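Participant: Those letters in the sequence shown? Residues 49 to 147, per my numbering, in order.
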Amino acid sequence: MKFAIALILAATLPTPGTQFKQLPNGKGKAEVEAACYACHSADLLAQQRLNEKQWTATVEKMMRWGAVVAPEKKDVVIQYLAKNFGPGNKFVPTKVKTQ
Ligand code: HEC
Numbered sequence: 049m050k051f052a053i054a055l056i057l058a059a060t061l062p063t064p065g066t067q068f069k070q071l072p073n074g075k076g077k078a079e080v081e082a083a084c085y086a087c088h089s090a091d092l093l094a095q096q097r098l099n100e101k102q103w104t105a106t107v108e109k110m111m112r113w114g115a116v117v118a119p120e121k122k123d124v125v126i127q128y129l130a131k132n133f134g135p136g137n138k139f140v141p142t143k144v145k146t147q
């Protein structure tokens, strides 16, 4: 039984050496990393498919929840997220990727 559980775990965990998602380079990347990495991995951000309006609502929600985004940085953060993780985004997080 223990062996079966270990097998299931081994099958679902990313294999050693798996590269986790890095945020793509671009204007706003540093601001997003500073504001969002305190609570999220890049994967959580990169798997979204939100338009600019939805990203605005999400960033404002996160600011209410404790994300530190200076008022003058808010726009660059939203633009970066909407540009890279918009409705056309194809990224699938590692843990749900099929073989
Ligand atoms: C103080 C901690 C904290 C920070 C900083 C933070 N978040 Fe979140 N975020 C949360 C929590 C808590 C949730 C809800 C639980 C979850 O889905 O992980 C969440 C959920 C999300 C979700 C999932 C969808 C949703 O609306 O619930 C997205 C997308 C997201 N955050 C984006 C961001 C972005 C972008 C930033 C940076 C601007 C950010 N977060 C910064 C705490 C944080």
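Virtual Cβ for every residue (Gly too), placed ideally from N, Cα, C.
For clarity, every value in this text was computed on a predicted model and none was experimentally measured.
The alpha helix (DSSP H) that contains Cys84, what's its start and end?
Facilitator: Where Cys84 is concerned, the enclosing alpha helix (DSSP H) stretches over 77-84.
Participant: Identify whether Pro119 lies in helix, strand or coil by the three-state DSSP scheme.
Facilitator: Looking at Pro119 - three-state DSSP - the assignment turns out to be helix.
Participant: Terminal residues of the continuous alpha helix (DSSP H) containing Val107?
Facilitator: From DSSP, the alpha helix (DSSP H) with Val107 extends over 100-112.
Participant: Taking Ala78 as the reference, which of Ala118, Gly114, Met110, Ala105 has the closest Cα?
Facilitator: Among Ala118, Gly114, Met110, Ala105, the Cα nearest to that of Ala78 belongs to Ala118.
Participant: Any chance the CB of Lys69 is under 8 Å from a heavy atom of ligand 1?
Facilitator: Result no, Cβ not under 8 Å from ligand 1.
Participant: Looking at C-alpha atoms only, which residue of Met111, Met110, Leu129, Gln96 is the closest neighbour of Gly76?
Facilitator: The candidate whose alpha carbon is nearest that of Gly76 is Leu129.
Participant: Please list, in chain order, all residues of the same chain as Glu100 whose beta carbon is under 7 Å from its beta carbon, the five residues on each side excluded.
Facilitator: Taken in chain order, the residues that qualify are Ile126, Ala130.
Participant: Quick one: is Lys103 buried, meaning 16 or more other Cβ sit within 10 Å of its Cβ, or exposed?
Facilitator: In the sequence as presented, Lys is not what sits at residue 103; that position holds Trp. Answer is buried; the Cβ neighbour count reaches 16.
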